[in-house]
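Q: Our numbering puts the sequence shown at residues 112 to 238. Note that beta-carbon positions come from the ideal geometry of N, C-alpha and C, so glycine has one too. Since the structure is predicted, the reported quantities are computational estimates derived from the model, not experimental observations.
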Amino acid sequence: ATSPVVAAALHAAAEFVQGAKAPDLRLQFALLVHTDEAAMSRFVRDVEGAIVCLCKDIGPSSEPLLTEEGLLNQWRSDIEAFRRRCKEIWELYMYFVFLDVKGDWALLRMVSRQLMNILEVSASSFA
């Protein structure tokens with residue numbers, strides 16, 4: 112059975128990533144991840160807490176990747192890649208806003224296509 116601590120941590124983490132589920136909210140979610148360090152830190156801490164609790168519940172593993180240290184290292188590597196991607200989205204969005212204000216429609220279309228590709232959304236979701 113899952114401990115209440117693990118269940119609470121996973122529930123909080125699921126609540127946080129809920130924003131990425133709907134295509135029309137992916138940009139907003141990526142911007143939040145990049146700009147709201149407190150929310151992101153809570154999310155990371157919740158998942159790390161769940162990993163530690165689950166590893167204690169399950170016990171030691173002979174597989175290095177399935178040890179607490181291995182799982183935490185993989186999580187930290189994955190979350191850093193995710194943060195870099197969100198930073199890239201934020202930078203593209205700032206450039207998009209700049210181009211919109213400047214009125215450079217050709218570059219604006221190019222940047223909007225880049226954002227749609229990264230966010231994996233259609234033009235209708237991006238509008």
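Serine 114 and aspartate 168 look like a contact to me (Cβ under 8 Å); what is the Cβ gap, rounded to whole Å?
A: Right, their Cβ atoms sit about 6 Å apart.
Q: Entirely within the segment 113–151 and at least 3 residues each: give me those beta strand (DSSP E) ranges in chain order.
A: Listed in chain order, there is nothing to give.
Q: From what residue to what residue does the alpha helix (DSSP H) around aspartate 189 run?
A: Segment 179–213, the alpha helix (DSSP H) holding aspartate 189.
Q: Which residues mark the beginning and the end of the alpha helix (DSSP H) in which valine 232 is found?
A: Looking at the DSSP string, valine 232 is not in any alpha helix (DSSP H), and its letter there is neither H nor E.
Q: Secondary structure at glycine 160, three-state DSSP: helix, strand or coil?
A: If DSSP states are grouped into helix, strand and coil, glycine 160 belongs with the helices.
Q: Considering only the alpha carbon of each residue, which of Asn184, Ala124, Ser233, Val222 lies closest to glutamate 199?
A: Per the Cα distances, Val222.
Q: Identify whether serine 172 lies in helix, strand or coil by the three-state DSSP scheme.
A: Here serine 172 sits in coil by DSSP.
Q: Excluding the 5 residues flanking aspartate 211 on each side, which residues of the same chain have their C-beta closer than 7 Å to its C-beta?
A: For aspartate 211, where only same-chain residues beyond five positions count, the Cβ hits under 7 Å are Leu219.
Q: Looking only at its own chain, which residues have a Cβ that is under 7 Å from the Cβ of glutamate 159, when we skip the five neighbours before and after it?
A: These residues qualify, in order along the chain: Leu183, Trp186.
Q: Would a check of beta-carbon distances place alanine 125 closer than 9 Å to chain C?
A: In the displayed structure, chain C is absent; only one protein chain is listed.
Q: So, for valine 131: in the same chain, excluding its five sequence neighbours on each side, which residues have a beta-carbon less than 6 Å away from its beta-carbon?
A: Reading off the sequence shown, one finds alanine at residue 131, where the question assumed valine. For alanine 131, where only same-chain residues beyond five positions count, the Cβ hits under 6 Å are Arg137, Phe140.
Q: How long is the line joining the alpha carbons of proline 171 and glycine 181, rounded to whole angstroms?
A: Computed Cα separation, rounded: 12 Å.
Q: For leucine 226 and proline 175, I'd like the C-alpha separation in whole angstroms.
A: Those two C-alpha atoms are separated by around 37 Å.
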